[in-house]
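In terms of the numbering used here, the sequence shown has 67 at position 58, counting the first letter as 1, and numbering is strictly consecutive.
All C-beta atoms in this analysis are idealised placements derived from N, C-alpha and C, irrespective of residue type, glycine included.
Note that the structure is predicted; figures quoted are calculated from it, not measured.
So the structure is just underneath, and the comments pick up after that.
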Amino acid sequence: MPSTYTNLLYHIVFSTKQRLPLITADLQDELYKYIGGIIRAEGGVLLEIGGITDHIHLLTKFKPSKSISEMLNRIKANSSKWVNQEKIKPRRFGWQEGYSAFTVSESQVSTVKEYIRNQEQHHRQQSFKEELVVLLERHGVSYDEQYLWN
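Pasting the structure below:
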């Protein structure tokens with residue numbers, strides 16, 4: 010459609026399975042590059058990626074023809090398969106089943122990029138659980154505490 014124009018920006022957060030500290034320093038850079046490659050292969054753009062040992066944040070642009078759930082399924086499945094096939098790890102690498110995704114206004118891109126870049130510093134003061142609850146509440150997302158950490 011020649012008259013379709015989009016700028017679909019998402020801040021996405023998801024953790025390792027059982028929030029285990031699986032994203033080690035020796036894995037982080039390669040994993041982030043690999044995830045960027047998955048997104049590019051699907052026609053998306055990775056604007057920023059960051060996190061700590063038990064979770065990551067993505068700032069991305071996706072094509073309107075790709076749903077967030079479809080993209081996250083591909084990102085998680087392909088990246089965990091790659092880690093488990095290519096990297097020698099003491100335990101099997103995996104991602105949690107769910108994710109959190111928030112739309113981002115173009116005017117907030119630099120703020121969100123900075124937030125993602127400063128994850129290590131940020132988590133010296135706030136746990137992942139505290140961070141996620143703040144993000145959910147800030148974006149008006151309803152959640153049930155009992156299912157938040159499954």
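Worksheet item: TRP158 to PHE137, Cα distance in whole Å?
Response: Locating residue 158 in the sequence shown gives position 149, where the first residue counts as 1. Locating residue 137 in the sequence shown gives position 128, where the first residue counts as 1. Distance between the alpha carbons of TRP158 and PHE137: 11 Å.
Discussion item. Using 8 Å as the cut-off, can you tell me whether the segment 110 to 128 makes contact with the segment 84 to 92, which would need three or more C-beta pairs spanning the two stretches below that distance?
Written reply: The answer is no - the segment 84 to 92 does not touch the segment 110 to 128, with fewer than three Cβ pairs under 8 Å.
Worksheet item: Which residues in the same chain as MET80 place their Cβ atom closer than 7 Å to its Cβ, once the five residues preceding and following it in sequence are excluded?
Response: Sequence index remark: in the sequence shown, residue 80 carries index 71 (1-based). Contacts found: GLU51, GLY53 and PHE71.
Fill in: GLY149, buried or exposed, once every other Cβ within 10 Å from all chains shown has been counted against 16
For this step, residue 149 is matched to residue 140 along the sequence shown. The residue in question, GLY149, is exposed, as its Cβ has fewer than 16 Cβ neighbours within 10 Å.
Item to complete: Use the C-beta contact count for VAL143: other C-beta atoms within 10 angstroms, 16 or more gives buried, fewer gives exposed.
Response: Indexing the sequence shown from 1 puts residue 143 at position 134. Under this definition VAL143 is an exposed residue.
Item to complete: Return helix, strand or coil for VAL143, following the three-state DSSP convention.
Response: Taking the sequence shown and counting its residues from 1, one reaches residue 143 at position 134. Helix at VAL143.
Worksheet entry | Endpoints, the alpha helix (DSSP H) within which LYS85 is located | For the purposes of this step, residue 85 is identified with residue 76 of the sequence shown, where counting begins at 1. Note, LYS85: alpha helix (DSSP H), 77 to 95.
Worksheet item: Thinking just about the alpha-carbon of each residue, which of ALA86, PRO73, GLU146 and GLY46 is nearest to the one in THR15?
Response: Counting from 1 along the sequence shown, the entry for residue 15 is found at position 6. Nearest C-alpha to THR15 among ALA86, PRO73, GLU146 and GLY46: PRO73.
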